[in-house]
Amino acid sequence: MDKRSKREEALSVGLETSKPWNGTSSTLDTAWSKILSDANEEASDHTNLAESLSNEVCEVLKTCEKKKEATRKRHVEFGVKLLAERDKIYHDRAKAKQRYDDACFLVESTRVKQGQAKDDKHLEKAAKNMDVHTNEMLSAKNAYLLSISVANEVKRRFYHVDLPSLEDDFQSIWSLTASKLLSLLKTVSQLNGKYLELLRTHNENFLIANNTINAQTNQSLFIEYNRRPFTDPPDFIFEPCPIWHDSAEYALTSPEPKVSLQNRLGQARSKASKLEPTIEAKRHEITGLENLREAYSSNESLGDPDEVVENLLESVRQTISLELQYTVLTKEVEVLEQTLGDDQGSQRPHTFKSASFVTPTTCCLCNSNIWGIAKQGVTCKACSISAHVKCGPKLLDYVEGIDTIPNQGGLTRAVSTSNRPPVVQTHGLGVGGAGGLSRSATTANRSVAPPVNRNPLNRSQARPQARMIYGYEASSGFEVSASGKF
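Mapping to the UniProt record's numbering: the sequence shown position 181 is 181, numbers consecutive.
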């Protein structure tokens, strides 16, 4: 009982409650206990039905079968006996016929002998024998006639009295057997009827117990016994390096870190704007699947609700992942907008794609070569520049009308701040389903300093000449075709 109580507590309020359990059970546990009790009673009723069928039907049927079979066998034996007696009388008639025939042959033989007698002595003896044999013949004839009458009477009685009587008796035996079997079948029907009535009662109790289950009540009970205070974990803070004295302020004094932040802001805005329609479509999909789940749960003939739930949960998981990405991006946009203020760059980020270079190509940021079959660099088709993978995020935004980006190796550039008020773009999608993303995106007119002459003396240099032995056809926009003199 103690084990049962512990399991009941675990099912109702859990094992690690915040206060002692007073014995209140969840509606699920109460209903389950009632269902188990009815199941035990149903099993007991089933056992009682089996015992009743065995004692009141099977045993009675077995006894009846033995008695009826014994009666039938005795009557069959009696029928065989009647047939034997009939055949015996038939045989007596045949024997009387044979005796009569023998007597007739003897009289005829005596008559022949009498006719052949030659003296009186032999005639007298023959006459005497003739009288004796004639009387015997007449007696045999009478016996034969009597046996015929008896045999005919026995035949008539056998076929018109005894045999029909036997058949009637066998029919009576089978009728009584069928009546007994019918009575036993009625008993079976009555026992099954009582059992089905009990089963119907148990089924009604099961439905009543099932209707008492209330998920909200169970959850409220669990919450009542597991209510604990909760404090959000502390926020993360900036921890300076132990060997470098620094503050939690963004580094905007140097151009390169600011450019990286501007590029990251543009990328975050671009990615967030691309995620918005995807998340909105997923939310519509979730709404449709929820409606479909409710319809299938109410009427399973429409379809499999489990399959719908699986699809719904998969959509929820995908949506949560997308919303998490969207939350990260929108937070980056919010923080970077506050940090950069109006100096957010042109917000036209490069569309870098990974590329391999079969000929040495100069990185537009660090001026070193990019070369190799492996994808060691990136290119932007919009402004026709190439850079190392690590140098790409440090480049200035792409500005329409300028074909090249000035070398930033020496951090020499001009950055202007727009005097126009920011243009506010309102997006209708919010994170977590509450509200929409409301943010201000400032589009600034930026001027980029002209390319800096890297020749410190600003003097022209002689261009060397050479003769190409073989011509070369460029295979991309970053190569030069050559033929003849260079």
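Where is the CB? At the ideal position from N, CA and C, for every residue including glycine.
D403 burial status per 10 Å Cβ neighbour count (16 or more: buried):
Its pLDDT being 43, under 50, D403 is placed unreliably in this model, and the value from its coordinates should be taken loosely. Burial call: exposed.
Kindly indicate the opening and closing residues of the alpha helix (DSSP H) around S165.
163-211
Determine, using beta carbons only, whether residue 488 and A103 come nearer to each other than 8 Å.
Residue 488 is absent from the structure shown; the chain starts at 1 and stops at 486.
Does DSSP put P360 in a helix, in a strand, or in coil?
strand
Mind checking S416: buried by the 16 CB within 10 Å criterion, or exposed?
Confidence in S416 is poor, its pLDDT being 36 and thus under 50, which makes the residue's placement too unreliable to answer from.
I believe S12 touches S25 by the beta-carbon criterion, under 8 Å. Please report the beta-carbon distance rounded to the nearest angstrom.
Their Cβ separation, rounded to whole angstroms, is 5 Å, which keeps S12 and S25 in contact under 8 Å.
Taking all protein chains shown into account, do 16 or more other C-beta atoms lie within 10 angstroms of the C-beta of I405, making it buried, or fewer, making it exposed?
Caution is warranted here: a pLDDT of 40 is assigned to I405, below 50, making its placement in the model unreliable, and the coordinate value is therefore given only provisionally. With 16 or more Cβ atoms within 10 Å of its Cβ, I405 is classed as buried.
For T201 and V57, which I take to be in contact (beta-carbon distance under 8 Å), what is that distance rounded to the nearest angstrom?
With a Cβ gap of about 24 Å, T201 and V57 do not count as contacting.
Classify P234: buried if its beta carbon has 16 or more other beta carbons within 10 angstroms, exposed otherwise.
exposed
Best match in I385, G266, C363, S301 for proximity to R348 [C-alpha to C-alpha]
The candidate whose alpha carbon is nearest that of R348 is G266.
Can you give me the C-alpha to C-alpha distance between T379 and E307, rounded to a whole angstrom?
46 Å
Nearest-angstrom Cα separation, counted from I173 out to M137:
Straight through space, the alpha carbons of I173 and M137 are spaced by roughly 50 Å.
Kindly give me the distance between the Cβ atoms of L184 and V60, rounded to whole angstroms, as I take these residues to be in contact under 8 Å.
6 Å
Return helix, strand or coil for N445, following the three-state DSSP convention.
Residue confidence for N445 is low, a pLDDT of 35 falling below 50, so the modelled location carries little weight; the figure read from the coordinates is stated next. Looking at N445 - three-state DSSP - the assignment turns out to be coil, as it is neither helix nor strand.
What is the DSSP secondary structure of V132, counted as helix, strand or coil?
helix
Taking 8 Å as the threshold (C-beta atoms), are D246 and P240 in contact?
yes
Among the residues of its own chain, which have a CB less than 7 Å from the CB of K95, if the five just before and after it don't count?
none
Status (buried if at least 16 other CB within 10 Å, exposed otherwise) for E69:
By the 10 Å Cβ count, E69 comes out exposed.
C391 versus A382, G377, K381, S384, residue with shortest Cα-Cα distance:
G377
From E65, N135, P20, I35, pick the residue whose C-alpha is nearest to that of I213; which is it?
I35
Within a Cβ cutoff of 6 Å, which residues of the same chain sit near D169, ignoring the five residues on either side of it in sequence?
Excluding positions up to five away in sequence, the list reads H75.
Length-filtered (4 minimum) alpha helix (DSSP H) runs lying within the region 25-57
27-53
Would you tell me roughly how many angstroms separate the C-alpha atoms of G288 and P229, rounded to the nearest one?
Computed Cα separation, rounded: 37 Å.
Ignore the nearest five residues each way along the sequence and tell me which others in F206's own chain have a CB closer than 7 Å to its CB.
I35, D38
Less than 8 Å between the beta carbons of A387 and T351, yes or no?
no
Got a sec? Which residues, its chain only, sit under 7 Å from T27 by beta carbon, not counting five neighbours each side?
T212, I213, N214, T217, N218
Does the structure place the region 352-360 close enough to the region 265-279 that three or more beta carbon pairs sit under 8 Å?
no
Length of the line joining the Cα atoms of H284 and T319
11 Å
Assign R7 to buried or exposed, taking buried as 16 or more other Cβ atoms, counted over all protein chains shown, within 10 Å of its Cβ.
R7 should be labelled exposed.
Straight-line CA distance for L365 to D397?
13 Å
Taking DSSP's pairing of strands, which residues face A387 in a bridge?
Here A387 is bridged, per DSSP, to V378.
Identified DSSP bridge partners for N369:
T362
With which residues is F352 paired in a DSSP beta bridge?
C380
Just to confirm before moving on: does the CB-CB distance between L322 and K282 stay below 8 Å?
yes
Who are the near neighbours of L166 in its chain, counting only those whose CB is closer than 8 Å to its CB and skipping five residues on each side?
H75, F78, G79, L82.
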